[in-house]
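Numbering (this note's numbering), first residue to last: -17 to 73.
The beta carbon of each residue, even a glycine, is placed where N, CA and C say it ideally should be.
Structure follows, in structure tokens:
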């Protein structure tokens, strides 16, 4: 099972709002997911995105692949740097 960390849209028409979720890559974008990691409102910006860092790091360590957008959000929040730091410690 290939797990992806991606956005799923829950906002209404012309008012986007997204959940950041860990989902099986075979499921639909807005379909079933394994676990919710956080949420993101593009109207408020990336700085206001709410992410459970422990869950995100746990999924990334298990091998979940973030989508390009989620990777960008994680980078701006400093999570990708923590992942790289943890990999260096593990070596």
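Beta-carbon proximity of residue i to residue j, cut-off 8 angstroms
{"i": "residue 33", "j": "residue 45", "result": "no"}
{"i": "residue 16", "j": "residue 4", "result": "yes"}
Whole-number beta carbon distance between residue j and residue i, since they are thought to touch under 8 angstroms
{"i": "residue 1", "j": "residue -13", "result": "No, residue 1 and residue -13 are not in contact; Cβ-Cβ is about 11 angstroms, not under 8 angstroms."}
{"i": "residue 70", "j": "residue 39", "result": "Not quite, the Cβ-Cβ distance comes to about 14 angstroms (not below 8 angstroms), so this is no contact."}
DSSP state of residue i mapped onto helix, strand, coil
{"i": "residue 10", "result": "coil"}
{"i": "residue -3", "result": "strand"}
Same chain, Cβ closer than 7 angstroms to residue i, five either side skipped, listed in chain order
{"i": "residue 24", "result": "-2"}
Spatially closest choice to residue i from the options, by CA coordinates
{"i": "residue 58", "options": "22, 47 and 41", "result": "22"}
{"i": "residue 29", "options": "11, 60, -15 and 71", "result": "60"}
{"i": "residue 66", "options": "43, 52 and 55", "result": "43"}
Cβ-based neighbour list, residue i, same chain, cut-off 8 angstroms, excluding 5 preceding and 5 following
{"i": "residue -16", "result": "6, 7, 8 and 47"}
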